[in-house]
Amino acid sequence: MNTRITSRITSVGILILAVAVVITVIKTSSWNAAKPVPAASGLVVHEWGTFTSIAGKDGVALEWRPLNGASDLPKFVYTIQNHDEGLRHEPKANLTAAVRMETPVLYFYSASETDVSVKVDFPKGKITEWYPQARSVSTSIDWGRLKIMPGADFNFPIAYSDNTRYYAARETDAAPVQVCGTNGKAVQQEKFLFYRGVGTFDLPLSVKLEGQNVVLRNTSQDQIAHVILFENRGGKIGYQLIDDFPGEATYPRPKLDKNIDSLLQELKQALSASGLYEKEAAAMIKTWRDSWFEEGTRVFYILPRQTTDAVLPITIEPHPADLVRVLVGRAEVITPEMEKSVRAQVKLLSDPSRQVREAAAQAIREHGRFSEPILKRILETEKDASIRDRIRQLIDKSAITTE
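FYI, in this note's numbering the residues of the sequence shown are 23 to 425.
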């Protein structure tokens, strides 16, 4: 009798342990990053990127000049300014758009050397930077045929004098790619395909500041799975995570009582849950950490896949067995504190002291490419004629540009 009871207890214990193991495996699989494996059955392509917009008072993205600032790219990267000699291009700094599309990179995984062709369309924008060289660039970028070369040992280009975020994107297990130049002879290698651009298209998330609250509204038909409301004020960090965003809601500006390490971990999990491999998610965060979490208030969100495919239709031949595309939206919020600070500096530009004027100009420049949108916001309500004139001069002459 005792032996039978003991046997039953043991069986039940084993069953409970087995169930616990299964639950643990399922939970771990849903949160941990997927591991890259050789694509024995075909090609695997992963893409990550980010884009920046500036929220207007009505929640609609403002038109601005996103390239009116210092470049953060290596000198070997192609731009519309140095591509195709003899063609005339408008200076990059003068391009006006609602969205700055930044660092989309395409990674390739294959069990063997593979020839592919890749083209990305940007029907409501223009490609402005890219590497390696492409066959054609305009409102699309077409690399033509290229080789995916797993295990190849290449010396990728590097410019040691550059202080650039570009190189972090190489820190993955992706296969190198090799591209022939437009003359069919020059060969270039890289760990990915890289491109950037500017454009104006409907964003899926409306962001509006009302007093000390941020109003968010999903303007698309697709679910926005991950949203982060972030603020850095004087080096103090606050953020709020919003999973399964309901569609429209109002949130208070976050309390400045968090640390950046916990946010990085949460963000890495969100990127991994969206399909990126662990090293890809880490490379993306390393690439953008200093910019994403600088002084200011902003909202991050992962673009619905349907929106990504509509904004950036992609054609890859042969068709990959798996294609993952993860784009992170960044909506900058111009706060009353920003307006007050910049307005005070504009007034000081008329100070008789040269030292004071230079310090004021530097304070405005520290807002970088967002300086002009802040000045335009101040101009909307400023009544002092002298300050209005000064702001117009700054905007017209691009006196605040960091180039």
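Ideal Cβ positions, reconstructed from N, Cα and C, are used throughout, including at glycine.
{"Query": "Close beta carbons around residue 285, own chain, < 6 angstroms, minus the five adjacent residues each side", "Result": "261"}
{"Query": "8 angstroms Cβ cutoff met for residue 98 and residue 181", "Result": "yes"}
{"Query": "Same chain, Cβ closer than 7 angstroms to residue 167, neighbours up to 5 away in sequence not counted", "Result": "137, 139"}
{"Query": "Nearest to residue 276 (by Cα), restricted to the options 412, 319, 200", "Result": "319"}
{"Query": "As assigned by DSSP and simplified to three states, the class of residue 351", "Result": "strand"}
{"Query": "Cβ separation of residue 324 and residue 292, assumed to be a contact under 8 angstroms, to the nearest whole Å", "Result": "7 angstroms"}
{"Query": "From 142, 211, 193, residue whose alpha carbon lies closest to that of residue 199", "Result": "211"}
{"Query": "Rounded C-alpha distance that separates residue 313 from residue 133", "Result": "35 angstroms"}
{"Query": "Rounded separation between residue 259 and residue 267 - CA only", "Result": "22 angstroms"}
{"Query": "Nearest to residue 229 (by Cα), restricted to the options 222, 221, 240", "Result": "240"}
{"Query": "For residue 336, the first and last residue of its enclosing beta strand (DSSP E)", "Result": "336 to 339"}
{"Query": "Host beta strand (DSSP E) of residue 227 (start-end)", "Result": "227 to 232"}
{"Query": "Cβ-Cβ separation, residue 227 to residue 353 (assumed contact under 8 angstroms), whole Å", "Result": "7 angstroms"}
{"Query": "Buried/exposed call for residue 5, threshold 16 Cβ in 10 Å", "Result": "The displayed coordinates of the chain run from 23 to 425. Any statement about residue 5 would go beyond what the structure contains."}
{"Query": "Residue 414 classed as buried or exposed, judged by whether at least 16 other C-beta atoms fall within 10 angstroms", "Result": "exposed"}
{"Query": "Other residues of its chain near residue 378: CB distance less than 8 angstroms, five sequence neighbours each side excluded", "Result": "370"}
{"Query": "Coarse secondary structure for residue 181, derived from DSSP in three states", "Result": "coil"}
{"Query": "Spatial neighbours of residue 43 in its chain, beta-carbon cut-off 7 angstroms, leaving aside the 5 residues before and after", "Result": "Annotation note: pLDDT 38 at residue 43 (below 50); position unreliable, coordinate value reported separately. None."}
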